[in-house]
Structure formats: C-alpha cells, structure tokens
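Residue numbering for the sequence shown follows this note's numbering, beginning at 10 and increasing consecutively.
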Amino acid sequence: MTSHHLNQPIPQKSTINGHLTSVINGGMPENYVRSFSGASTPVSSSSPGPVSAEVYFASHVAPKSLPDNAEKIRSFVDRHMHEGRRVVLVTSGGTTVPLETQTVRFIDNFSAGTRGATSAEYFLEEGYAVIFMHRQFSLQPYSRHYSHSRNCFLEFMEADGDGIHVMPAYVEKMRAILGKYRETQKAGTLLTLDFVTVNDYLFLLREAARIISKMDVHAMYYLAAAVSDFFIPADRMSEHKIQSGDGQLSLTMEQVPKILKPLVNDWTPKAFIISFKLETDEALLPMKSLQALKRYGHQIVIGNILTTRKRVVKLITHDEESEIRLTQEEDEVQHIEIESRIVPELIRRHAEWIEACGTRGDGDPVVGVRMKEIIEGTVEGTDVKFEVNKWSSGKNQCCCWKRWCSACGTIDTGIAVGWAEGKR
10 MTSHHLNQPI PQKSTINGHL TSVINGGMPE NYVRSFSGAS TPVSSSSPGP
60 VSAEVYFASH VAPKSLPDNA EKIRSFVDRH MHEGRRVVLV TSGGTTVPLE
110 TQTVRFIDNF SAGTRGATSA EYFLEEGYAV IFMHRQFSLQ PYSRHYSHSR
160 NCFLEFMEAD GDGIHVMPAY VEKMRAILGK YRETQKAGTL LTLDFVTVND
210 YLFLLREAAR IISKMDVHAM YYLAAAVSDF FIPADRMSEH KIQSGDGQLS
260 LTMEQVPKIL KPLVNDWTPK AFIISFKLET DEALLPMKSL QALKRYGHQI
310 VIGNILTTRK RVVKLITHDE ESEIRLTQEE DEVQHIEIES RIVPELIRRH
360 AEWIEACGTR GDGDPVVGVR MKEIIEGTVE GTDVKFEVNK WSSGKNQCCC
410 WKRWCSACGT IDTGIAVGWA EGKR
C-alpha cells in the first residue's frame, strides 16, 4: 500500500444545472427513467439541494419492521459490548425508488452487494461483530459464493441413492466456507437486516446508529450500500399503478438527504466512519472524496473507479491518500479478493482511532458529554476556522477533529491543527 500527502488546493464543487447523473438500470443515465414497458421518459429535479434529514423523517412513514429490527440491534449490541467485542455496521447493495405507493415500477441501480458481503466475511474473521444491513436478495456473507453464480447451485451436487452429496471437486471449498459460517452462527457475531427502498434504508440506518452510539469509539460504519441520490416524496407519489395509456411520463424528483451529516454530528459522533465514492473519471476521485470529508467530517472515504474497482481502491483521509492494488496475477490467478487487504487496514486505523480518542492521561475510557467548540484565528497569514467535537468526563478529555478547513482550501493543515490545539 502506497501513500502520499494531499496538500493541493481543493477545487470548488461544480454544479450540473439540476441534471441527474447517477447510473441506474444497468447503465442508463438517471435523467431518464425506464418504465415497466421499456420506454424511456425524461426526469427533472425540482430543487437545487437535498431536503434536510429532519424534514425527510418528519414527512415519511417508518417501515413496519423497524421496531422488531431495533430490538434485534439492541440485543446484539448489548451482548457484544458485554463480551468486549467491537461492532461494525456494514451496509450493502442498492436501494430502490418507488414510483407508486403500491409499487409496480421503481428506479434501481446495478449494485449486487459484492463489496459489502465480501468485506463482512473478513470483518468476522478479524473478530468483529457484524451488523449486515443489506438489500433484500442481494449477496450475503458466505452464501455469496454460490448465490448469483453463473452455475446453478444444483451443479455442485449429485444424487446418491436416496440422498445427495456434494461433488468431490467442490467439497474442499464448500467445507471451508460452511465451517466459517457455522463458527459465526455459534458465536452469534452476525446479524442480518434487510431493506428494499431508500426509505427503508434511511429509517433503519438512523435507528441502528442511535442504538450503536452507546459503543462510542468502538463502533465502525462501513457504508458500502449504493444509496439512491433522488427520490419521489411520499405526498407526490401516485397511489396506484401509473397507467401507460396516459401518454408520456414526467417525474419530478428531490435529492435524498445527505445522511452522513447527522450520522457524524448527531447520531453516533464518536464512531469510526467509512464512506465510499465511485467515479468513472479518475481525475475527479481525489477532489470529490476530499469534498465529502470536508463536508461531513468523517474519517475515511474509499474511492474506486468503476472499471477497476475490484483491483484498485484509494483510502482517502483529510491529509493522506493510500492505495491498495492487486497485481494481475493476484487478481486473475490467485483470485485474491481486494477486501482481504482493505479490511485489515481499516481495522488497524480503527485501533489507532480508539487509542487517540478513547483514552487520555490515566488510560480510563472517555465517556460523558459531547460539546462543540469553534476555534478561529490566523495561521501564517491565513484565516482558519475549526469546528471541534469534544467529549469531556472529569479530568479526561478526548478531542476528535471531526472536520477542519481553512480559507485557502489546503488539506495540509498540520500547522493549523497544532495551532488550534495550542489555543484550546
């Protein structure tokens, strides 16, 4: 893994005149929606920015499964806190955007949940308890090796008298996977929860984060789900199936609330949070990733390019970019999964986060009240402003720099951080 510092200025975020640019329906630009019959019709976005999370949750109904799922999460977290095990919430797969309340048509994306399901396995192997929040029927840990396969599952078995058995060529691999699965079941370290719509996802993530927040720095979020960028508000959605006989279909869509902001600032402010950024233009990846870090204040963005995402990823922080790359032989001959390299690196960084934020002085864990502190001033002729999330418990203090910025837009803020620490 290679790394270098990012000390170049950040370009300002560009606007795209309200057009939607995500990829849906296996590659169709999102300024078109494919109807049930296969026709394509224009879609417009009605507002320049996303609705706030508060407005969204106040105007939409939580899924009926939420109370049951909340109780499962609560029991799972309490158990693993008692056993001293760290917990990671892995989100995986895509979300749908229904076009009708009684849904016949919906907008989807191509995500099968490969990265999330694969990563969950490696987190489990490293001793984490995993809450696996996945799209219904997407790939899941362990079963992913056989579901969504080009070969029918029945191809792995053959009849033997009154019974069946696994064909010899597949026994060794299947035994190893089954053994890991049974170990996970016995230890109770995997909780799976499913979602379908973007509404399901948002409500479930908020509820999970509020419960997991009691784990403080010992919780990690690995947000690999492909969440929809746009949605149709409930009060503007057709109740019944949209009739194709009425001619062209025009939809007005709103931006989905940027859920990372309340996640970082309000729901679980001490957790170690990783988001993902997928681009098709490699030149845009560092800039867009740094913009996300600056805007939301979490710890890491994992950036990847659509065509090389299974072989190359970039781990981007506020001041450093690291690359994890598989060689052609590792990928095509040894069949090494890049997640086997990503997960250990994230676990190492999570341990550093816990050490930096979880203890002070005598080594007692930091618990108590979260406070915000704004620090402003001039560093080497440049005006700077910091927003600091601080937790205080008696003589212990943990000061975690959730976000920082300077007027000149540079990322190399080591001098400014040192100055701000001196001002505290």
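Quick reminder that beta carbons are idealized off the backbone N, C-alpha and C, glycines included.
Residues near residue i by beta carbon distance below 6 Å, same chain, minus five either side
{"i": "residue 363", "result": "226"}
{"i": "residue 201", "result": "141"}
{"i": "residue 301", "result": "310"}
C-alpha gap between residue i and residue j, whole angstroms
{"i": "residue 190", "j": "residue 137", "result": "14 Å"}
{"i": "residue 348", "j": "residue 387", "result": "42 Å"}
{"i": "residue 295", "j": "residue 174", "result": "50 Å"}
{"i": "residue 127", "j": "residue 140", "result": "14 Å"}
{"i": "residue 179", "j": "residue 275", "result": "48 Å"}
{"i": "residue 284", "j": "residue 310", "result": "5 Å"}
{"i": "residue 66", "j": "residue 84", "result": "25 Å"}
{"i": "residue 313", "j": "residue 299", "result": "14 Å"}
{"i": "residue 356", "j": "residue 241", "result": "38 Å"}
{"i": "residue 353", "j": "residue 305", "result": "24 Å"}
{"i": "residue 171", "j": "residue 326", "result": "58 Å"}
{"i": "residue 160", "j": "residue 328", "result": "45 Å"}
{"i": "residue 184", "j": "residue 148", "result": "19 Å"}
{"i": "residue 187", "j": "residue 153", "result": "12 Å"}
{"i": "residue 115", "j": "residue 107", "result": "4 Å"}
{"i": "residue 163", "j": "residue 119", "result": "26 Å"}
{"i": "residue 124", "j": "residue 100", "result": "10 Å"}
{"i": "residue 89", "j": "residue 256", "result": "55 Å"}
{"i": "residue 60", "j": "residue 165", "result": "49 Å"}
{"i": "residue 58", "j": "residue 258", "result": "23 Å"}
{"i": "residue 150", "j": "residue 64", "result": "35 Å"}
{"i": "residue 82", "j": "residue 105", "result": "23 Å"}
Under the three-state DSSP convention, the category residue i falls into
{"i": "residue 331", "result": "strand"}
{"i": "residue 156", "result": "coil"}
{"i": "residue 288", "result": "strand"}
{"i": "residue 202", "result": "strand"}
{"i": "residue 313", "result": "strand"}
{"i": "residue 356", "result": "helix"}
{"i": "residue 67", "result": "helix"}
{"i": "residue 146", "result": "coil"}
{"i": "residue 119", "result": "coil"}
{"i": "residue 323", "result": "strand"}
{"i": "residue 190", "result": "helix"}
{"i": "residue 140", "result": "strand"}
{"i": "residue 275", "result": "helix"}
{"i": "residue 133", "result": "helix"}
{"i": "residue 126", "result": "helix"}
{"i": "residue 254", "result": "helix"}
{"i": "residue 280", "result": "coil"}
{"i": "residue 268", "result": "coil"}
{"i": "residue 346", "result": "coil"}
{"i": "residue 180", "result": "helix"}
Closest by C-alpha distance to residue i, when choosing among the options
{"i": "residue 130", "options": "117, 178, 231", "result": "231"}
{"i": "residue 341", "options": "320, 351, 353", "result": "320"}
{"i": "residue 167", "options": "261, 229, 177, 160", "result": "177"}
{"i": "residue 143", "options": "170, 237, 233", "result": "233"}
{"i": "residue 103", "options": "260, 343, 236, 334", "result": "236"}
{"i": "residue 243", "options": "271, 215, 281, 206", "result": "206"}
{"i": "residue 208", "options": "255, 75, 247, 153", "result": "75"}
{"i": "residue 94", "options": "135, 125, 149, 210", "result": "135"}
{"i": "residue 269", "options": "307, 263, 288", "result": "307"}
{"i": "residue 92", "options": "165, 192, 338, 198", "result": "198"}
{"i": "residue 253", "options": "113, 79, 68", "result": "113"}
{"i": "residue 303", "options": "273, 59, 318", "result": "273"}
{"i": "residue 281", "options": "365, 162, 78, 64", "result": "365"}
{"i": "residue 193", "options": "291, 155, 133, 287", "result": "133"}
{"i": "residue 69", "options": "210, 339, 157, 297", "result": "210"}
{"i": "residue 436", "options": "121, 105, 292", "result": "As displayed, the chain neither begins before 10 nor continues past 433, which places residue 436 out of reach and without an answer."}
Contact test: residue i Cβ vs the ligand COA heavy atom, cutoff 6 Å
{"i": "residue 171", "result": "No copy of the ligand COA appears in this structure; indeed no ligand is present at all."}
Sub-7 Å separation of residue i and residue j beta-carbons
{"i": "residue 224", "j": "residue 359", "result": "no"}
{"i": "residue 217", "j": "residue 98", "result": "yes"}
{"i": "residue 62", "j": "residue 266", "result": "yes"}
{"i": "residue 212", "j": "residue 72", "result": "yes"}
{"i": "residue 86", "j": "residue 221", "result": "yes"}
{"i": "residue 203", "j": "residue 145", "result": "yes"}
{"i": "residue 333", "j": "residue 318", "result": "no"}
{"i": "residue 315", "j": "residue 289", "result": "yes"}
Chain D contact for residue i (CB, 7 Å cutoff)
{"i": "residue 244", "result": "Reference to chain D is not applicable here, since this structure consists of a single protein chain."}
Same chain, Cβ closer than 8 Å to residue i, neighbours up to 5 away in sequence not counted
{"i": "residue 109", "result": "246, 247, 248, 249, 250, 251"}
{"i": "residue 111", "result": "248, 249, 250"}
{"i": "residue 47", "result": "Here the model assigns residue 47 a pLDDT of 33, short of 50, so the residue's position is not dependable, and the following value carries that caveat. Excluding sequence neighbours, residue 47 sits near nothing in its chain."}
Chain-order list of residues whose beta-carbon lies under 7 Å from that of residue i (same chain, five-residue window excluded)
{"i": "residue 335", "result": "320, 345, 347"}
{"i": "residue 79", "result": "216, 220"}
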